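Residues in the sequence shown are numbered from 1 upward in steps of one, following UniProt numbering.
Data first, discussion second: the structure below is written as structure tokens.
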Amino acid sequence: KVFQAVVSCIGGDGTIYIIPKSFETALNKLMAEIQNTFKGLGLLIPYCWKKGEACVVRGSDTVWYRAKIVEVSGSTLQVQYIDRGYIESIPQCHLYPTTFYTGIPPFCIPCQLYKTLPIGNFWQQEAVEYLQELLKNEEVEIHVKELPDNPWGKLSISLYFGGMSLSSFMAYQKYCVAEDCQDIQKLVRPCVGVFEGDLSPSYLLQPLPVPGETFPVTVTHLVSPKEVYIRLDSSENLTKHSATERSASCDSESLSKALKWCNKIVKTLPHLTNFKKDLPCLAEYVDGLWYRAKLLSVTQVGPVQILVQFVDYGTYLVAPTSRLRHIPCHLLKYPVQAVRVLLAGFRPASDDKNLERIPYSPEWSLKALWTMEDCVEGKRLSASILTVSPEVTISLYGDDKNPVYLKLIEMGLAELDQ
Numbered sequence: 001k002v003f004q005a006v007v008s009c010i011g012g013d014g015t016i017y018i019i020p021k022s023f024e025t026a027l028n029k030l031m032a033e034i035q036n037t038f039k040g041l042g043l044l045i046p047y048c049w050k051k052g053e054a055c056v057v058r059g060s061d062t063v064w065y066r067a068k069i070v071e072v073s074g075s076t077l078q079v080q081y082i083d084r085g086y087i088e089s090i091p092q093c094h095l096y097p098t099t100f101y102t103g104i105p106p107f108c109i110p111c112q113l114y115k116t117l118p119i120g121n122f123w124q125q126e127a128v129e130y131l132q133e134l135l136k137n138e139e140v141e142i143h144v145k146e147l148p149d150n151p152w153g154k155l156s157i158s159l160y161f162g163g164m165s166l167s168s169f170m171a172y173q174k175y176c177v178a179e180d181c182q183d184i185q186k187l188v189r190p191c192v193g194v195f196e197g198d199l200s201p202s203y204l205l206q207p208l209p210v211p212g213e214t215f216p217v218t219v220t221h222l223v224s225p226k227e228v229y230i231r232l233d234s235s236e237n238l239t240k241h242s243a244t245e246r247s248a249s250c251d252s253e254s255l256s257k258a259l260k261w262c263n264k265i266v267k268t269l270p271h272l273t274n275f276k277k278d279l280p281c282l283a284e285y286v287d288g289l290w291y292r293a294k295l296l297s298v299t300q301v302g303p304v305q306i307l308v309q310f311v312d313y314g315t316y317l318v319a320p321t322s323r324l325r326h327i328p329c330h331l332l333k334y335p336v337q338a339v340r341v342l343l344a345g346f347r348p349a350s351d352d353k354n355l356e357r358i359p360y361s362p363e364w365s366l367k368a369l370w371t372m373e374d375c376v377e378g379k380r381l382s383a384s385i386l387t388v389s390p391e392v393t394i395s396l397y398g399d400d401k402n403p404v405y406l407k408l409i410e411m412g413l414a415e416l417d418q
């Protein structure tokens, strides 16, 4: 069985506690009932607690949780939150014995990695801390491999995060030995090596709606008032949109999740050593996050500076090699999210007297570029494709359904192109 789950806790022995996404509604309902049943402080009178006894615990967030006694030690008790998995030492005044809700099985499932042997036969403290940092409160994909011999045993699983096997990743980090490491080379040497002929990795192109169909877009980057990068925007009213737009929306959501995981493990990915033009890579943007990119050119040799383009936005950056990493192959399966297009219906004004021009596109003034940016930045726009060859040309409309270039016409920065 394969299902999505949230990792609630990593035990001190490396046990992975998960809560299936399908359990969330029932768990939230139970938690609401517990809060309504138990209010105020815990039990303030003396009580003889026993190991294994059911109770409710008032956590540091003042929320009541189901728990069981793991160890009794004077005035402090060690308890396990049975719906979360983690163990904590709690003063007796924050507990309450109860027989309520004991007939409901725990919502979290203890798991172990299938055919994965930790170095030294047990998970080292460093490995446990790494697992906690990587997985806690994150959504993952679970593949059930073997059921436990008893109902309270650990489920044997393969766990995947961002398209990668956790067993293979931890083996790559030398924390364990995994029997099934078929995808380890994709992780260790992601799209690496000397590329020959047509073997170079490349990104998939974004499928476009049919010409004449109107579809929602956002502008991610302006090269000039006439040349921009757009993304298909299907975030709302998906049922009204075409299959192409719905597919783009799903791709964008899955890509965002995969990139989130890559940002967590980016320090384990090799630095880029091959600087072939158009080579896919991960690049660090000015916000400190890593995004998909491609190499364009070497702009400086000592020290080496590389011009890259972020393929899901269209923006450019000159970066040192320390901010470039190999890209895991599974990130290549998502089409590029930004599409370069030309806008139809207008051209540079022949009498634009503004002296400040765009250096790489001097037919346009900088004022025209800033004005167009104000017209499209952060706006909900719609587009219609006119031609796809030799270049994708579109009509672009504002949320008022008027062409976005009207303001440029009014200001004398552009003129109609009949």
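Beta carbons: idealized from backbone N, C-alpha and C, even for Gly.
Computed from a predicted model, the values in this text were never measured in an experiment.
For residue j and residue i, believed in contact at Cβ under 8 Å, the rounded distance
i	j	result
Q206	Q337	7 Å
I104	A5	Wrong, their Cβ atoms sit about 18 Å apart, outside the cutoff.
K401	T371	Contact doesn't hold; Cβ gap of about 19 Å is too wide.
L208	V376	19 Å between Cβ atoms; not a contact.
L282	R292	7 Å
P216	I385	The pair is not a contact, with the Cβ atoms about 13 Å apart (cut-off 8 Å).
DSSP state of residue i mapped onto helix, strand, coil
i	result
R84	coil
A338	coil
T393	strand
H94	helix
E363	strand
I385	strand
E129	helix
Q418	coil
V140	strand
H330	helix
L269	coil
M411	coil
R380	coil
W123	coil
E284	strand
Residue environment, residue i, which counts as buried when at least 16 other CB atoms sit within 10 Å
i	result
L324	buried
V404	buried
L416	exposed
K174	exposed
S168	buried
D233	buried
L413	buried
K226	buried
P328	buried
A32	exposed
M411	exposed
D61	exposed
W261	buried
L204	exposed
F23	buried
residue 423	As displayed, the chain neither begins before 1 nor continues past 418, which places residue 423 out of reach and without an answer.
S158	buried
I90	buried
Closest by C-alpha distance to residue i, when choosing among the options
i	options	result
Q300	P320, R292 and R347	P320
Y313	V223, R66, V298 and L355	V223
A344	L295, V228, T15 and K21	V228
Q112	A127, L155, L269 and Y334	L155
D83	I18, R58, C93 and E146	I18
K115	N137, K145, C108 and L27	K145
residue 421	K333, E71 and Y96	It is not possible to answer for residue 421, since the shown part of the chain is limited to 1 through 418.
I119	L307, Y316, D13 and Y101	D13
F275	V304, G288, N263 and V286	V304
Y214	Q35, N36, S382 and K29	Tyr is not the amino acid found at residue 214; the sequence shown has Thr there. If we check each option's Cα against that of T214, S382 comes out closest.
P335	E363, V311 and L355	V311
R347	V339, S361 and E356	S361
E133	L396, R231, G11 and E363	G11
S8	L27, W64, F38 and L135	L135
residue 419	F107, G74, C262 and L317	A query on residue 419 cannot be resolved here, the shown segment of the chain reaching from 1 to 418 and no further.
L332	S252, E363, S73 and L396	S252
Y316	V286, K367 and E126	V286
L396	G153, N28, Q92 and R231	R231
Y130	N263, H330 and M170	M170
N137	G85, G59, K51 and Q124	G85
Distance CB(residue i)-CB(residue j) smaller than 8 Å
i	j	result
residue 419	K267	What the structure shows of the chain is the stretch from 1 to 418, and residue 419 is not part of that stretch, so it cannot be assessed.
R380	D399	yes
G40	H94	no
Y81	A67	yes
P280	S202	yes
L272	H326	yes
L77	I69	yes
T15	P110	yes
Y160	V140	yes
F3	P20	yes
I394	V341	yes
V63	Q92	no
Residue-level contact to chain C via CB, residue i, 8 Å cutoff
i	result
L296	Of the protein chains in this structure there is only one, and it is not chain C.
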